[in-house]
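Undergrad:
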Amino acid sequence: MALDVSLSIELLIAAAGAAVLGSMLGLGGGVFLVPIFTLFFDVDQKLAIGASAIAVATNSVVGSTVHLESRFTNLRFAMMLQVATAGGALIGAIVGVWAPERAINVIFGLVLLYAGVSMAIKRAASQVDSSSAPDPHGIAATFVDPATKRSVRYVPQRLRLGLSVSGLAGGLSGMLGVGGGVIQVPLMNVLMGVPIKAAAGTSSFMVGVTAVATAAVYYSSGKIDPRIVVPAMVGIFVGSQFGSRLTRRVPAQRLTLLFVLILAYLALSLLLRSAGYSLPGQR
Amino acid sequence: MVESAELDTIYPGVAAVLRTGFRIAAGFLLLGIAIALIRQEPLAERTDAFVDIPGALLDLRASGFIDLAIIAIVLTPLAAVVTILRGFIAAGDRRFARFTAGVLAILIASIFLSLFQ
Numbered sequence: 007m008a009l010d011v012s013l014s015i016e017l018l019i020a021a022a023g024a025a026v027l028g029s030m031l032g033l034g035g036g037v038f039l040v041p042i043f044t045l046f047f048d049v050d051q052k053l054a055i056g057a058s059a060i061a062v063a064t065n066s067v068v069g070s071t072v073h074l075e076s077r078f079t080n081l082r083f084a085m086m087l088q089v090a091t092a093g094g095a096l097i098g099a100i101v102g103v104w105a106p107e108r109a110i111n112v113i114f115g116l117v118l119l120y121a122g123v124s125m126a127i128k129r130a131a132s133q134v135d136s137s138s139a140p141d142p143h144g145i146a147a148t149f150v151d152p153a154t155k156r157s158v159r160y161v162p163q164r165l166r167l168g169l170s171v172s173g174l175a176g177g178l179s180g181m182l183g184v185g186g187g188v189i190q191v192p193l194m195n196v197l198m199g200v201p202i203k204a205a206a207g208t209s210s211f212m213v214g215v216t217a218v219a220t221a222a223v224y225y226s227s228g229k230i231d232p233r234i235v236v237p238a239m240v241g242i243f244v245g246s247q248f249g250s251r252l253t254r255r256v257p258a259q260r261l262t263l264l265f266v267l268i269l270a271y272l273a274l275s276l277l278l279r280s281a282g283y284s285l286p287g288q289r
Numbered sequence: 475m476v477e478s479a480e481l482d483t484i485y486p487g488v489a490a491v492l493r494t495g496f497r498i499a500a501g502f503l504l505l506g507i508a509i510a511l512i513r514q515e516p517l518a519e520r521t522d523a524f525v526d527i528p529g530a531l532l533d534l535r536a537s538g539f540i541d542l543a544i545i546a547i548v549l550t551p552l553a554a555v556v557t558i559l560r561g562f563i564a565a566g567d568r569r570f571a572r573f574t575a576g577v578l579a580i581l582i583a584s585i586f587l588s589l590f591q
């Protein structure tokens with residue numbers, strides 16, 4: 007099949023858009039990339055998931071260096087959770103490669119609905135103050151918050167719950183090609199008492215490691231299509247550079263409403279697709 | 475357990491590995507795209523088998539370089555985990571070295587599957 011430059015450019019622009027949306031939300035591009043590729047470009051679902059896994063790895067490799075240098079990433083905590091996340095991703099990817107497309111559409115739609123509802127409900131920041139909590143597992147960490155210039159110490163709490171949910175996040179990541187941050191960040195911040203910057207920084211690093219397991223399974227199953235992966239990699243990289251800058255220019259309330267609507271639209275589209283229907287403008 | 479002092483050397487090392495891995499992958503990707511455009515070579519529909527990649531590189535086919543770029547970006551987080559493991563071992567942090575070794579084992583198992591494409 008001849009190189010279709012125009013299609014590659016369209017996929018690149020779509021991937022960049024997904025990355026902009028994802029980085030503004032802190033969700034990562036995969037949450038938007040797979041639905042956009044499958045709904046609007048008729049890309050095979052498994053190929054879209056494989057491409058997303060590679061793109062997520064790319065985004066993580068680029069983005070987490072900043073978090074590491076700022077010490078937002080808690081490596082001990084990350085490795086502890088990563089055992090569950092990577093294991094979940096391996097199983098999720100094996101299941102995802104063989105699962106029926108309709109089942110994946112339903113699961114993905116529900117994940118997007120969850121993300122939208124989470125954003126719509128104004129959740130209070132974590133009330134768990136773990137700054138002076140004991141640290142029996144050796145996973146306490148300290149970082150300097152650039153906004154306040156103050157040193158912040160925290161000790162992640164509820165480890166068993168965290169490991170269980172991390173395994174689930176990994177499973178979804180492997181099955182859907184997303185980074186898992188949509189579950190990991192709220193888990194760490196709200197349930198485990200990790201400050202949001204540390205949660206985002208730790209998650210940013212973890213999603214790349216998780217994506218290795220996913221990408222390897224899809225690679226071995228012949229579900230990595232360079233015609234899809236190349237525009238996805240380049241687009242995700244370019245888009246993520248602009249996303250965080252755009253966030254500062256848009257009022258927070260409008261941002262939330264916009265993304266809730268986008269997530270609801272994509273969720274509805276996938277759920278309808280699983281039932282054999284398509285919304286106007288979709289392939 | 476002193477958290478900060480022991481890990482001070484690990485963080486910069488991991489960041490350096492990630493930066494290097496990205497640069498290698500980006501280099502291969504740009505090279506592959508350039509070859510594809512110059513030779514009007516269509517992108518492959520699937521990745522080459524590992525044994526075919528050296529031949530593709532020697533023939534200066536775009537697919538070989540693009541496959542290497544994909545492999546490089548996927549292996550970069552793996553290399554980061556190896557760096558973390560070495561750091562924990564050097565710091566005498568056996569507990570977290572075991573966790574990290576567990577993560578590494580899972581990732582290697584995943585990659586082992588891809589060898590039988």
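Sequences listed follow chains A and B, in order.
When we follow our numbering, the leftmost residue of the first sequence carries the number 7, and every step to the right adds one.
When we follow our numbering, the leftmost residue of the second sequence carries the number 475, and every step to the right adds one.
A virtual CB, placed ideally from N, CA and C, is assigned to each residue, including glycine.
All values derive from a computational prediction rather than experimental measurement.
(1) Please work out which residues of its chain come closer than 6 Å, Cβ to Cβ, to residue 52/A, disregarding the five sequence neighbours upstream and downstream, and give them in chain order.
(2) Under 9 Å Cβ-Cβ, which residues of chain B neighbour residue 88/A?
(3) Of the choices 182/A, 136/A and 11/A, whose alpha-carbon is the least far from that of residue 97/A?
(4) By the 10 Å Cβ neighbour count, where 16 or more other Cβ atoms means buried, how is residue 584/B classified, buried or exposed?
(5) What residues from chain B crowd round residue 199/A, counting only those whose CB sits closer than 9 Å?
(6) Determine the contact status of residue 556/B and residue 215/A, defining contact as a CB-CB distance below 8 Å.
(7) Would you decide whether residue 58/A is buried or exposed? Buried here means 16 or more other CB atoms lie within 10 Å of its CB.
(8) Please name the residue or residues paired with residue 151/A in a DSSP beta bridge.
(9) What would DSSP say about residue 38/A, mapped onto helix, strand or coil?
(10) Going by Cα to Cα distance, which pick from 54/A, 41/A and 61/A is closest to residue 241/A?
(11) Under 6 Å Cβ to Cβ from residue 193/A, same chain only, skipping five residues before and after it: list those, please.
(12) Within 8 Å, do at least three Cβ pairs link the segment 517-536 of chain B to the segment 274-286 of chain A?
(13) Note down the Cα distance separating residue 135/A from residue 199/A, rounded to an integer number of angstroms.
(14) For residue 162/A, does the three-state DSSP call read helix, strand or coil?
(15) Output, in sequence order along the chain, the residues in the segment 481-501 of chain B whose CB is closer than 7 Å to any CB in chain A.
(16) So with CB distances below 7 Å, who are the chain A contacts of residue 570/B?
(17) Assuming the contact rule is C-beta atoms closer than 8 Å, residue 37/A and residue 188/A should be a hit. Round their C-beta distance to whole Å, please.
(18) Out of curiosity, what's the CA-to-CA distance linking residue 512/B and residue 506/B?
(19) When the Cα of residue 485/B is compared with those of 519/B, 517/B, 558/B and 587/B, which residue comes out closest?
(20) By Cβ distance, which residues of its chain are closer than 6 Å to residue 45/A, with the 5 residues on each side in sequence left out?
(21) Could you tell me whether any Cβ in chain B is nearer than 8 Å to the Cβ of residue 241/A?
(22) So does the segment 542-549 of chain B actually touch the segment 486-503 of chain B, counting three or more Cβ pairs closer than 8 Å?
(23) For the segment 57-77 of chain A, list every residue whose C-beta sits within 8 Å of some C-beta in chain B, in sequence order.
(24) Using a Cβ cut-off of 8 Å (strictly closer), state whether residue 528/B contacts chain A.
(25) I'd like to know whether the C-beta of residue 41/A is nearer than 8 Å to at least one C-beta of chain B.
TA: Looking at the coordinates:
(1) 229
(2) 555, 573, 574, 576, 577 and 580
(3) 182/A
(4) buried
(5) Near residue 199/A there are no residues of chain B at all, since even the closest Cβ is about 16 Å away, more than 9 Å.
(6) no
(7) buried
(8) 156/A
(9) helix
(10) 61/A
(11) 171
(12) no
(13) 7 Å
(14) coil
(15) 481, 484, 485, 488, 489, 492, 493, 495 and 496
(16) 82 and 85
(17) 6 Å
(18) 10 Å
(19) 558/B
(20) 275 and 288
(21) no
(22) yes
(23) 60, 63, 64, 66, 67, 68, 70, 71, 74, 75 and 77
(24) no
(25) no
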